[in-house]
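> In the working numbering, the protein residues as written are 5 to 84.
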Amino acid sequence: MIFTDWVSYVAVGLMVAVLIYAVFSIYLKKPLGLFIAMGFHIVLGILSLPSIGLYVLGVAIIELIIGIIMTVKTSSKQKA
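1. Using the C-alpha atoms, what's the distance from Ile-46 back to Asp-9?
2. Would Gly-71 be called buried (16 or more neighbouring beta carbons within 10 Å of its own) or exposed?
3. Using C-beta distances below 6 Å, list every residue in its chain close to Phe-44, excluding the 5 sequence neighbours before and after it, in chain order.
4. Check Pro-54 in the structure and name its three-state DSSP category.
5. Going straight from the alpha carbon of Ala-41 to that of Val-11, what length do you get?
Here it is as structure tokens:
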């Protein structure tokens, strides 16, 4: 039982760290960082599905949408 508690804390810590990375990616206008964060959140969300996995997968979908929007905006600025 102690091992599962330890793993849960590590997983939640990784989720929060990747979420902070995603926020900085938005602030610095780097869409690639959002896609990297999305990949981590998908993996961590699947690993923690019975508990908070659906919330983490929801965050991954939001990161995907924002990343696509940022990519389209930056590519349209480069064409003009």
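Cβ coordinates follow ideal geometry from the N, Cα and C atoms, glycine included.
This one's a predicted model, so the numbers in the text were calculated from it and none came from an experiment.
With the structure as the only source:
1. Rounded to whole angstroms, Asp-9 to Ile-46 spans 21 Å at the Cα level.
2. Around the CB of Gly-71, 16 or more other CB atoms lie within 10 Å, so the residue is classed as buried.
3. Leaving aside the five residues that flank Phe-44 on each side, the residues in its chain whose CB is nearer than 6 Å to its CB run, in chain order, Val-22.
4. DSSP places Pro-54 in coil when its eight states are reduced to three.
5. Taking the straight line from one Cα to the other gives about 20 Å.
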